[in-house]
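Single-structure report; data block below.
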Amino acid sequence: MTVLKYLSAYPAHIQDQVRALIEQDRLAETLRVRYPDRHAVRSDSALYDYVLELKNRHLRTAPPVSKVAYDSGLGLVAKALGTQTTISRVQGAKLKSKREIRVATLFRDCAPEFLKMIVVHELAHLKVRDHDKSFYALCEHMEPRYHQYEFDLRLHLTCLDLAGRAA
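Per this note's numbering, residue 211 is the first one in the sequence shown, and the count goes up by one each step.
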């Protein structure tokens with residue numbers, strides 16, 4: 211029986227459906243049909259512009275983001291697909307806070323829906339720290355299909371894992 215570590219919190223009948231797709235060697239093809247496109251956000255500066263556009267559209271009152279970058283240190287091995295951090299620095303007599311968002315490099319070449327899902331997730335952390343009901347409500351406000359994209363991203367990660375590209 212295939213262990214589905216990215217889907218372990220889902221009900222058994224969902225996991226069984228995914229296992230059936232894996233056994234029939236149809237999981238990757240199913241995702242390719244569902245998400246045929248790749249986004250054009252390849253550079254850190256393009257990612258910064260993309261994140262700022264989403265932030266300005268949905269979270270105008272949230273704290274500003276000073277840096278956004280793809281990070282090759284994030285990924286399946288590090289068990290983080292994106293991070294949102296606050297860095298405090300002393301500048302003169304003041305304490306300045308800067309917020310950074312880092313996105314795993316594996317999102318550089320993926321479906322636009324997956325990139326949007328991870329960016330929405332990290333932007334939501336600007337307002338809500340914990341993964342609670344209000345956090346997910348904010349994610350759904352920014353992307354109504356957030357939960358579907360998150361599930362499909364978990365399927366994509368499962369495909370990468372099965373292909374041996376988890377590193």
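Glycine included, every Cβ here is placed at the ideal spot set by N, Cα and C.
Could you give the distance in angstroms between the alpha-carbon of residue i and the alpha-carbon of residue j?
| i | j | result |
| --- | --- | --- |
| Arg339 | His249 | 28 angstroms |
| Asp319 | Arg252 | 8 angstroms |
| Ala279 | Lys326 | 14 angstroms |
| Tyr220 | Lys304 | 47 angstroms |
| His351 | Ala222 | 29 angstroms |
| Tyr379 | Ala347 | Since the first and last residues shown for the chain are 211 and 377, residue 379 lies out of range. |
| Lys337 | Phe345 | 8 angstroms |
| Gln225 | Gln234 | 14 angstroms |
| Ala288 | Leu365 | Bear in mind that a pLDDT of 48 at Ala288, under 50, signals an unreliable position, so the number given afterwards is only what the model happens to contain. Going from the Cα of Ala288 to the Cα of Leu365 covers about 18 angstroms. |
| His335 | Gln227 | 32 angstroms |
| Gly374 | His357 | 26 angstroms |
| Phe324 | Arg229 | 22 angstroms |
| Thr212 | Ser218 | 11 angstroms |
| Phe361 | Val300 | 41 angstroms |
| Leu262 | Gly283 | 23 angstroms |
| Ala376 | Asp254 | Caution applies to Ala376, whose pLDDT of 47 falls short of 50 and renders its modelled position unreliable; the value that the coordinates give is listed next. About 23 angstroms. |
| Tyr367 | Ser298 | Residue 367 is actually Leu in this sequence, not Tyr. Cα to Cα, Leu367 sits roughly 33 angstroms from Ser298. |
| Arg355 | Gly302 | 45 angstroms |
| Tyr258 | Arg267 | 14 angstroms |
Report yes if the CB atom of residue i is closer than 8 angstroms to the CB atom of residue j, and no otherwise.
| i | j | result |
| --- | --- | --- |
| Cys369 | Leu214 | no |
| Val329 | Tyr260 | yes |
| Leu269 | Leu333 | yes |
| Lys265 | Ala256 | no |
| Asp342 | Ala314 | no |
Round the Cβ separation of residue i and residue j to the nearest angstrom and send it over; I've been treating them as touching at under 8 angstroms.
| i | j | result |
| --- | --- | --- |
| Leu363 | Ile232 | Incorrect: roughly 16 angstroms between the Cβ atoms, too far for contact. |
| Thr245 | Ala321 | Here the sequence assigns Tyr to residue 245, which means Thr is not the residue at that position. Confirmed, about 4 angstroms. |
For a test of the three-state rule: what should DSSP assign to residue i, helix, strand or coil?
| i | result |
| --- | --- |
| Asp371 | helix |
| Ser218 | coil |
| Asp342 | coil |
| Ala279 | strand |
| Gln358 | helix |
Following a CB-centred definition, is residue i positioned closer than 7 angstroms to any heavy atom of the ligand PLP?
| i | result |
| --- | --- |
| Asp362 | The ligand PLP is not part of the structure shown, which contains no ligands of any sort. |
- prompt: Just checking, does the stretch 264 to 282 make contact with the stretch 304 to 313 on the three C-beta pairs under 8 angstroms criterion?
  reply: Of all C-beta pairs linking the stretch 264 to 282 to the stretch 304 to 313, three or more are shorter than 8 angstroms, placing the two stretches in contact.
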